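These notes concern the structure reproduced below.
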Amino acid sequence: MAPLNPYTYIQCPCSDSASLGRPSDATSPTSADGDEEDNAFDPRAPRANFSLYPLEYLLYCEDCHQIRCPRCITEEIATYFCPSCLFEVPSSNLKSEGNRCTRSCFQCPICIGPLSVTSIEAPPSDPSLLVPDRAGTPHTTYSLICSYCSWSSTEIGIQFDKPNSIHAQLAKIRNGGASRLTAKERKERRKELSHRGGEAALAASSEAAAGQDMDLETQFANLKLFYNSQLADPNAGDNGFSSLGDLGFSSPSSLSRIMNLYTGGKLHDPRAKSKLGAMREAITADEGLLETDLDESSLITQLHQSDFLDTASSTQICSQPPNLGETYIYGAARFNSSLRPVPYLLRTKRSKRCPVCRHIISKPEAKVQTTRFRIRLVAGSYIPSITIRRLNLPGPNGPAAPAILGDLLEPLKPVHFVLTFKNPIFESLKVTLGAPAKTPGRFPSKVTVLCPQFDIDANTDVWDEALKENDRESSGRSRRRAGTESQFQVEVGKIWERGRNWVSIIVEVVPASLKLEPGRDVLKQDEDVLEIPMFVRIEWEAEGGGDDAASGTGRDKDQKEKKELAYWCVLGLGRIKQG
Amino acid sequence: MSSKRHSILPAVSAGPKPPVHFSSSITIAESALLTGTNLITISSESVIHPRAKLDSLAGRITIGRRCVVHERTMIGAIGTSGKVTEQAVTLGDYATVEVAASIEAGNTIIGEGTTVGVGSKVGAGAVIGKHCTLTPHTEVPAGEVIPDFTVIYSNGMRRIDKRGVADLKNKGQARQIDVLRRMIPTNPAKFA
Chain R
142 MAPLNPYTYI QCPCSDSASL GRPSDATSPT SADGDEEDNA FDPRAPRANF SLYPLEYLLY
202 CEDCHQIRCP RCITEEIATY FCPSCLFEVP SSNLKSEGNR CTRSCFQCPI CIGPLSVTSI
262 EAPPSDPSLL VPDRAGTPHT TYSLICSYCS WSSTEIGIQF DKPNSIHAQL AKIRNGGASR
322 LTAKERKERR KELSHRGGEA ALAASSEAAA GQDMDLETQF ANLKLFYNSQ LADPNAGDNG
382 FSSLGDLGFS SPSSLSRIMN LYTGGKLHDP RAKSKLGAMR EAITADEGLL ETDLDESSLI
442 TQLHQSDFLD TASSTQICSQ PPNLGETYIY GAARFNSSLR PVPYLLRTKR SKRCPVCRHI
502 ISKPEAKVQT TRFRIRLVAG SYIPSITIRR LNLPGPNGPA APAILGDLLE PLKPVHFVLT
562 FKNPIFESLK VTLGAPAKTP GRFPSKVTVL CPQFDIDANT DVWDEALKEN DRESSGRSRR
622 RAGTESQFQV EVGKIWERGR NWVSIIVEVV PASLKLEPGR DVLKQDEDVL EIPMFVRIEW
682 EAEGGGDDAA SGTGRDKDQK EKKELAYWCV LGLGRIKQG
Chain B
-12 MSSKRHSILP AVSAGPKPPV HFSSSITIAE SALLTGTNLI TISSESVIHP RAKLDSLAGR
48 ITIGRRCVVH ERTMIGAIGT SGKVTEQAVT LGDYATVEVA ASIEAGNTII GEGTTVGVGS
108 KVGAGAVIGK HCTLTPHTEV PAGEVIPDFT VIYSNGMRRI DKRGVADLKN KGQARQIDVL
168 RRMIPTNPAK FA
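The listed protein sequences derive, respectively, from chains R and B. Going by the working numbering, the final residue of the first sequence carries number 720, and the count climbs one at a time with no gaps. Going by the working numbering, the final residue of the second sequence carries number 179, and the count climbs one at a time with no gaps.
In structure tokens form, the structure reads like this:
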């Protein structure tokens, strides 16, 4: 069994139903209610998993004086950028060009490594390898090459004429090297043809287009054109079935109604009121009809001829971006030869806000290259950190064995743990601890916090402390570990050890025995882990005024204001020995 | 300062000095470690970096022309089998063994132009074809036969390199060796 390092998880109060919908402020402490004290937090409850976080994961809202976890903050996207070229993409481009980098950043479709543009030189005619051949060939083409797995875009028959704007070039090339028209080009060509020759030329071009493989983009463009022309052209006239036709999917009125649902326009389009005749469906490829190709024999023969390495894995297929130039919607990308370079997905920098008071909790620097934060209110700089150490007191028969990290706990034998609270703020803290006498769960262990109430000094300057050292010693307020260990006794109500901005206390635990009724019960996963819930309440005096001007209490700037924060945390102490 | 040993571990015994057969044009750093009892042959223009270890205890080691053997490599490691064969390791021409790679002894053959990546391990008796690439931390099991132009990547996935740049790579290797010869002070006389 894996040894267990002691850990401290803090429960974010957002999951507590009592504090929901009631924004807490400094004037009305939330945790002092009587009903909350009755039900101790159970770290084994299924819901607890979703509210416990290490201190490092938590943020803190200075205005609400509340811990904020990743679940109870609202995020805003500050910038979009490409992780490869670190180019910041304006959010307006995002709508038109999608969430991938449209420069020359690509990932290998085989191994996700970054691809680099490399020129393809003609094979050297001179076989002597000693002479470095630097003479550029007149026709240099470029390809994308993965330096990790040696994949090259020449494997899927794609070469580029220019080393830049690869994304635009790639959109015009099908796998295998055949060129395809982009949507814009197709529109222009259509316009040109209709100008020149009218219907006859258009028909001729559509014949040619049908001969080609119709890709998704073409099909969509054709369908859209067809439906637009159908809606604009009320040639069907009135017939007896027009009211019946209105009910069908193909009727323009129901179509426009459906479109309205998605576009969010007015429910009744004025055009819909003027009764249009029944629309017909697309019947030719030019109108966007794509016949399902059920004949897969060519694919099957290709599979027969290729081996396993030629087929694409499901992860490779899943990482492929939606390709508008793809021939069919079905049967896409079975072979490595049909994979395409994957443009990098854009990433974001996000700022985080408190959902209650809308104050910014975390805001990164807008520039992509910098990793600094403008605002970052992490909980670690507001609430005390708790570290756990096992204490082995010397027994009557000789010195104790040193405590080994992850050592199993003997059932029914009292163990002592040293909890060290470290104060991160510049005010002295008053800490009150509360723990249920027995841990919740099937195997209740007895817990005694020997010193449930204590003060921690402020996190002052290190040098101040050094200068004050002598005063402090003489005042007798601090108790430091001095002399041999055997002089120390665990005393109830006394602080174990105290430092500049930290205090150690002792928790005595009597682990439960994990005796099970034989043959009837089994130990559930991690049920042998000794976890104690602990309610921590901290009080401190903060500078008045500032943000609390509205509450009226902090009118005087110099007046100290009492603040408090209370939360549950879970201390994982170790595993209990079984049997 | 540089001559002092900083490690607290006892010095590794150098072992027997192997018979060597060096071409006159090789570059071998003084701090390369050559041990064993069988012949170590290094052909023309090959480069052995400092602290590369060649162990011919389990058989002969032959290194082809224009090979580069990087630092902390272990060529001719006696693997789990510990068998002694006539030919322990053969490196074809233009082969590269990168940092901290290990090639076990026992008729192991690395083909021409093959790159054995950083920290890779080639088992005893493996035969790796020509112009293969073993990406970093690849492990080739003992006795495996790998066809030419294979790329082994990401925990043993395999594919065939179809770029056809073997000649270019060889040319690049020649240029790199040109540079390395200027960078690494050679002392073949130490091993003779």
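Every residue gets a Cβ at the ideal spot worked out from N, C-alpha and C, and that includes glycine. Computed from a predicted model, the values in this text were never measured in an experiment.
Here's a check: name, in chain order, each residue in its chain whose Cβ is nearer than 6 angstroms to the Cβ of residue i, leaving out the five neighbours to either side.
i	result
F178 of chain B	V7, L21
H28 of chain B	According to the sequence shown, residue 28 of chain B is Thr rather than His. H8, T49.
M144 of chain B	none
N25 of chain B	S43, G46, R47
T282 of chain R	I261, Q300
N295 of chain R	Strictly speaking, residue 295 of chain R in this sequence is Thr, with Asn absent from that position. Here the set comprises S284.
P121 of chain B	The question names Pro, yet the displayed sequence has Leu at residue 121 of chain B. Contacts found: V103, G104, S107, I139.
E91 of chain B	A64, G66, G110, A111
Can you tell me whether residue i is helix, strand or coil according to DSSP?
i	result
Y194 of chain R	strand
L671 of chain R	strand
K508 of chain R	coil
G277 of chain R	The predicted model places G277 of chain R with a pLDDT of 47, which falls under 50 and marks its position as unreliable; any figure quoted below should be read in that light. Note: G277 of chain R maps to coil in three-state DSSP.
L518 of chain R	coil
T452 of chain R	strand
S12 of chain B	coil
Y221 of chain R	strand
L41 of chain B	strand
W681 of chain R	strand
W604 of chain R	helix
P255 of chain R	strand
F228 of chain R	coil
K703 of chain R	strand
V166 of chain B	helix
K328 of chain R	helix
L155 of chain B	helix
L712 of chain R	strand
Y368 of chain R	helix
K587 of chain R	strand
F476 of chain R	strand
Y403 of chain R	helix
T215 of chain R	strand
Considering Cα atoms alone, identify which of the options is closest to residue i.
i	options	result
T101 of chain B	B:V84, B:A92, B:I90, B:S107	B:V84
I133 of chain B	B:T122, B:G98, B:N157	B:G98
E238 of chain R	R:L227, R:V677, R:L487, R:R321	R:L487
V650 of chain R	R:L322, R:V556, R:E680	R:V556
E17 of chain B	B:R38, B:K156, B:G104	B:R38
H57 of chain B	B:I139, B:T72, B:A19	B:A19
R641 of chain R	R:D596, R:K365, R:R327	R:D596
E428 of chain R	R:V648, R:L366, R:S192	R:L366
H308 of chain R	R:N464, R:R188, R:T215, R:I424	R:N464
P224 of chain R	R:A576, R:T601, R:S245	R:S245
L574 of chain R	R:F584, R:G582, R:V588, R:R583	R:V588
T452 of chain R	R:P652, R:I297, R:S156	R:I297
P175 of chain B	B:S12, B:G110, B:S(-6)	B:S12
E197 of chain R	R:A520, R:R188, R:H336, R:C290	R:A520
R583 of chain R	R:I502, R:Q666, R:L550, R:T259	R:Q666
I208 of chain R	R:Y403, R:F222, R:S192	R:S192
A707 of chain R	R:C155, R:R185, R:M400	R:C155
Whole-angstrom Cβ separation of residue i and residue j, contact assumed at under 8 angstroms?
i	j	result
P525 of chain R	F558 of chain R	Actually they are not in contact, since the Cβ atoms of P525 of chain R and F558 of chain R sit about 16 angstroms apart, beyond 8 angstroms.
C202 of chain R	C153 of chain R	Not really, about 11 angstroms apart at Cβ, beyond 8 angstroms.
I527 of chain R	L570 of chain R	No, I527 of chain R and L570 of chain R are not in contact; Cβ-Cβ is about 12 angstroms, not under 8 angstroms.
M420 of chain R	Q371 of chain R	5 angstroms
I458 of chain R	Y523 of chain R	I458 of chain R to Y523 of chain R, Cβ: 47 angstroms. No contact.
A219 of chain R	R517 of chain R	13 angstroms between Cβ atoms; not a contact.
In chain order, what residues of the same chain lie with their CB nearer than 7 angstroms to the CB of residue i, ignoring the 5 residues before and after it?
i	result
R52 of chain B	S30, S31, E32, S33, D80
P462 of chain R	R241, V483, P484
V633 of chain R	L591
Excluding the five sequence neighbours on either side, which residues of its own chain have a C-beta within less than 8 angstroms of the C-beta of residue i, listed in chain order?
i	result
K704 of chain R	A167, H206, E680, W681, E682, A683
E568 of chain R	A599, W681, E682, A683
L364 of chain R	A423, E428, G429
### Message
Extract the residue ranges of the beta strand (DSSP E) inside the region 542 to 583 of chain R, only unbroken runs of 3 or more that lie entirely within it.
### Response
Taking only runs of at least 3 residues, the beta strand (DSSP E) segments lying wholly in the region 542 to 583 of chain R are 556 to 563, 570 to 575.
### Task
Return the chain-ordered ranges of every beta strand (DSSP E) run that is complete within the region 77 to 122 of chain B and spans a minimum of 3 residues.
Every beta strand (DSSP E) stretch that sits fully inside the region 77 to 122 of chain B and reaches 3 residues is listed by chain position as 89 to 91, 95 to 97.
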